[in-house]
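Student:
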Amino acid sequence: MIPEDLRYTAEHEWVADGDGGAVRVGITHFAQDALGDIVFVQLPDEGAVVAAGEPLGEIESTKSVSEIYAPISGTVAARNEALGDTPEVINTDPYGAGWLLEITPDDPAAVEGLLTAGAYRELTES
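Listed below in structure tokens is the structure:
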């Protein structure tokens with residue numbers, strides 16, 4: 001379950017084109033499956049500046065707490081506020097309603113430098 005139209009990171013985040021130049025970010029099916037039942041998500045506030053490769057939040061599951069890493073540098077444009085009440089939607093719909101946040105990239109071309117679906121598939125199968 002690796003949608004072809006997204007870009008990916010080695011830390012198991014996905015990136016999709018969003019509205020108004022922002023990109024939407026979430027965790028992959030592979031990541032949510034490894035985490036197990038997600039019970040809490042901590043995300044940065046809108047307006048926060050994030051740096052590619054740096055932690056920007058946490059996901060807590062019944063198994064562990066894992067950091068979420070910024071796939072690109074930019075400014076947080078939106079957060080998925082619904083996750084405050086229903087974080088488990090990440091388990092059932094990681095590429096849809098389970099999105100985490102939107103980032104306005106400092107460099108929109110940075111998205112093209114992320115992994116393609118094929119490269120991410122190779123990473124998760126090795």
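Quick note: the sequence shown, position 108, residue 108 per the UniProt record's numbering, numbers continuous.
Note that beta-carbon positions come from the ideal geometry of N, C-alpha and C, so glycine has one too.
This one's a predicted model, so the numbers in the text were calculated from it and none came from an experiment.
#1: Answer yes if the region 14-23 comes into contact with the region 47-54, meaning at least three C-beta pairs across the two stretches below 8 Å, and no otherwise.
#2: At which residue ranges does the UniProt domain "Lipoyl-binding" (22-104) contain complete alpha helix (DSSP H) runs of 4 or more residues, listed in the order of the chain?
#3: Take Leu6 and list the residues in its own chain whose beta-carbon comes closer than 8 Å to its own, dropping the five residues that flank it on each side.
#4: So the candidates are Pro71, Val41, Lys63; which of them puts its Cα closest to the Cα of Gly57?
#5: Who are Tyr120's beta bridge partners in DSSP?
Tutor: Straight from the coordinates:
#1: no
#2: 29-35, 89-92
#3: Numbered from 1 along the sequence shown, position 6 holds the residue referred to as residue 6. Closer than 8 Å at the Cβ level, and outside the excluded window around Leu6, lie Trp14, Val15, Ala16, Tyr95, Ala117.
#4: Taking the sequence shown and counting its residues from 1, the one referred to as residue 57 is at position 57. With distances taken between Cα atoms, Gly57 lies closest to Val41.
#5: The residue labelled residue 120 in the question sits at position 120 within the sequence shown. Paired residues: none, contrary to the question.
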